Amino acid sequence: MDTERCACCKKHKSELKPFGRGGYRFFGDFNGELLCETSRPVYPPDDLEDKVYAQFFGQCQTDAEYEKAREAMVQAYGEEIAEEITHFALGKSATVWLCRHCIALDWDEFHAKRRQACSSNQAGGSYRISGEMGQV
């Protein structure tokens, strides 16, 4: 997990202004911090991810089958994308580090800003698996 960049806007700590006093009471007291650790659902629904998850895990019934399927998915797409698909499919939230501008964004704003940052290749991060995998 990258703790040097905002998970949403992808700005490095050196580019950020610190949290101030107040204004973030709902999220916690982060006065003076550049990034704060929080948990949020970071993977919006995606038909392609549904298909990939079904392709690898659709017939699994035992723990051993799930482990073998996960290993195959990691081989096919790499650890980072496999982790995204797993989090998405299981409906889990992920722990992310966010700056003072991104922490209060609602779900749609968060994903729009994250897509924009990743598509402009800030920090070299990928946002979606769509476009990287081609047809499934």
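Each number in this note's numbering comes from the position in the sequence shown (counting from 1) with 126 added on.
Every residue gets a Cβ at the ideal spot worked out from N, C-alpha and C, and that includes glycine.
Since this is a predicted model, take the numbers as computed values, not measurements.
Exposed unless 16 or more other CB atoms sit within 10 angstroms - verdict on residue i
{"i": "T221", "result": "exposed"}
{"i": "R147", "result": "exposed"}
{"i": "K136", "result": "buried"}
{"i": "E191", "result": "exposed"}
{"i": "W223", "result": "buried"}
{"i": "E175", "result": "buried"}
{"i": "E210", "result": "buried"}
{"i": "G257", "result": "Low local confidence applies: a pLDDT of 38 at G257 is under 50, so the model's placement there is unreliable, and no value is given."}
{"i": "A243", "result": "buried"}
{"i": "A208", "result": "buried"}
{"i": "A133", "result": "buried"}
Bounding residues of the alpha helix (DSSP H) (the contiguous stretch that carries residue i)
{"i": "E175", "result": "173-183"}
{"i": "S245", "result": "233-245"}
{"i": "E191", "result": "189-203"}
Reduced DSSP secondary structure (H/G/I, E/B, other) of residue i
{"i": "H227", "result": "coil"}
{"i": "A220", "result": "strand"}
{"i": "E159", "result": "coil"}
The beta strand (DSSP E) enclosing residue i, as first and last residue numbers
{"i": "C162", "result": "162-166"}
Residues bridged to residue i [DSSP beta-bridge criterion]
{"i": "R131", "result": "H138"}
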